[in-house]
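Residue numbers (the UniProt record's numbering): 1 to 290.
Each residue gets a CB set at the ideal place from its N, CA and C atoms; glycine is no exception.
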Amino acid sequence: MKSPLVTTEWLEQNLSHDKLILLDASMEKVVGKSPILYDTLACIPGAQKLDLENVLCDLSASMTHAFPTAEQFWDVISTLGITSNSHIVIYDNQGIYSSPRAWWIFRVMGFDNVYVLNGGLPQWLDEGRVTANHYSASILANPVLDRDSELMIHMQDAVCDSAYLLDNLSNKEMSIFDARGASRFSGQAPEPRAGVRSGHIPNSINLPFSKVLDGHCLKIPEQLSELFTEITVKEKDNPLAGSERIFSCGSGITACILILASVATGHHNNVLYDGSWADWGSDHKLPVEL
């Protein structure tokens, strides 16, 4: 099984590799955990900034943090020196938080050689590895991609909307996982976005993203497999339930942490509900459970 992760040791040894593209996908707004704060910018040497909040998203969509279109994705990667032969490593400054979102965007757009740095910048710093105080410049003047021939972007069926979920709420071959904390899932804590109802999608399973983490890092595959099996049996009384896994959260960011964990176990049928609870909870025509 090909791991979706690389270690800090591996990255340090390969920072000078000519095919490596290193991207910092940290976000300004951190929800669902106590953010790690930095007095000054610290990044891994050679990293370029990947802006998930303002650039690698569809700002014209009504949803928060909407998945970028293929055209938008192309415009972004054409400035980053990325080719079809690139080996892309993505990290963030919270450990594993927003980097899985960027990783899943690349995966959906057809990139296989893309990985998340296990533990991210906090792990890198804890191990005393060298940092920089500025990002590497993007390749703006001479994009290396040729829109017509160099790289073909293939959209995959790995992102869904509320209509797809609504049609499949009773589908026993599907498991819906919600990465939000238990208090938000149960409707005991208010939603951080105005106009969004409390509760969760009917028949969904609460798996807070913190449960798949061990410190700054993702738990090992054996632990993750046990976790997915235990929670599915507990909630659905069927260890084989949910060959298709749908992942949701508040706005489509931390759901991707669960997708990363699922892929790390070798599970291949993973789908992101991109609008997540910000979309479902704001549509009063859709059913809600508490």
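What first and last residue would you give for the alpha helix (DSSP H) that runs through residue i?
i       : result
Glu-9   : 8 to 14
Ser-276 : 276 to 280
Val-130 : Run containing Val-130: none; DSSP gives neither H nor E here.
Tyr-164 : 162 to 167
Ile-44  : Careful: Ile-44 lies outside any alpha helix (DSSP H) and carries neither H nor E.
Pro-122 : 120 to 126
Phe-73  : 70 to 77
Assuming residue i and residue j are in contact, meaning their beta carbons sit under 8 Å apart, how far apart are those beta carbons, in whole angstroms?
i       : j       : result
Trp-280 : Leu-286 : 5 Å
Leu-290 : Gly-199 : 5 Å
Tyr-115 : Val-196 : With a Cβ gap of about 33 Å, Tyr-115 and Val-196 do not count as contacting.
Gly-215 : Val-31  : Not confirmed; about 20 Å, so no contact.
Cys-256 : Pro-100 : 4 Å
Gly-181 : His-65  : At roughly 18 Å, the Cβ-Cβ gap does not stay under 8 Å, so Gly-181 and His-65 are not in contact.
Asp-24  : Lys-49  : 6 Å
Ile-21  : Leu-80  : 6 Å
Glu-12  : Arg-129 : 6 Å
Ile-88  : Phe-111 : 7 Å
Ile-96  : Gly-120 : 6 Å
Count the other C-beta atoms from every protein chain shown that fall within 10 angstroms of the C-beta of residue i, then say buried if there are 16 or more, exposed otherwise.
i           : result
Pro-239     : With a pLDDT of 49 at Pro-239, under the threshold of 50, the modelled position of that residue is not reliable, and no figure is offered here.
Ser-78      : buried
Ser-62      : exposed
Pro-122     : buried
Ser-162     : buried
Asp-148     : Bear in mind that a pLDDT of 46 at Asp-148, under 50, signals an unreliable position, so the number given afterwards is only what the model happens to contain. The residue is exposed, with fewer than 16 neighbouring Cβ atoms inside 10 Å.
Leu-37      : exposed
Asn-118     : buried
Pro-68      : buried
residue 297 : Limits of the chain in this structure are 1 at one end and 290 at the other, which puts residue 297 out of reach.
Thr-40      : exposed
Glu-9       : exposed
residue 307 : Since the first and last residues shown for the chain are 1 and 290, residue 307 lies out of range.
Ala-137     : exposed
Asp-18      : exposed
Ser-170     : exposed
Asp-274     : buried
Leu-140     : Any reading at Leu-140 needs caution, since the residue's pLDDT is 49, under 50, leaving its predicted position unreliable; the model's value is listed next. Label assigned to Leu-140: exposed.
Ser-84      : exposed
Ser-210     : exposed
Measuring alpha carbon to alpha carbon, tell me which residue in the options is nearest residue i.
i       : options                               : result
Cys-217 : Asn-133, Lys-49 and Asp-92            : Asp-92
Thr-131 : Ala-47, Arg-107, Pro-100 and Glu-28   : Ala-47
Lys-172 : Glu-127, Thr-232, Leu-227 and Val-114 : Thr-232
Thr-229 : Asp-161, Arg-245 and Asp-214          : Arg-245
Ser-204 : Pro-192, Ala-194 and Phe-177          : Phe-177
Leu-207 : Ser-248, Pro-45 and Ala-42            : Ser-248
Glu-222 : Leu-41, Ala-189 and Thr-265           : Thr-265
His-284 : Thr-8, Phe-111, Gly-95 and Ile-201    : Ile-201
Cys-160 : Lys-29, Ile-90, Asn-133 and Asn-269   : Asn-269
Asn-168 : Ser-98, Ser-243 and Glu-191           : Ser-243
Ser-282 : His-17, Pro-192 and Phe-209           : Pro-192
Glu-53  : Ser-98, Ile-44, Asp-18 and Ser-3      : Ser-98
Ala-158 : Ser-210, Trp-103, Ile-88 and Glu-28   : Trp-103
Lys-219 : His-17, Lys-19 and Ser-262            : Ser-262
Pro-45  : Ser-26, Leu-227 and Ser-16            : Ser-16
Gln-94  : Val-212, Ser-3 and Lys-33             : Lys-33
His-134 : Cys-43, Asn-85, Gly-187 and Val-55    : Cys-43
Arg-184 : Ser-225, Val-288 and Leu-224          : Val-288
Cys-57  : Asn-85, Met-27 and Ser-86             : Met-27
Ala-179 : Lys-2, Pro-4 and Leu-272              : Leu-272
Pro-4   : Leu-165, Ala-70, Leu-166 and Asn-113  : Asn-113
Ile-90  : Asp-51, Asp-126 and Glu-127           : Asp-51
Following the continuous beta strand (DSSP E) through residue i, name the residue where it begins and the one where it ends.
i       : result
Leu-23  : 20 to 24
Ile-96  : Per DSSP, Ile-96 belongs to no beta strand (DSSP E) and is neither H nor E.
Tyr-115 : 114 to 117
Contiguous alpha helix (DSSP H) assignments of at least 4 residues, all confined to the UniProt domain "Rhodanese" (170 to 289): If we require 4 residues or more, the alpha helix (DSSP H) runs fully inside the UniProt domain "Rhodanese" (170 to 289) come out as 182 to 185, 221 to 236, 255 to 264 and 276 to 280.
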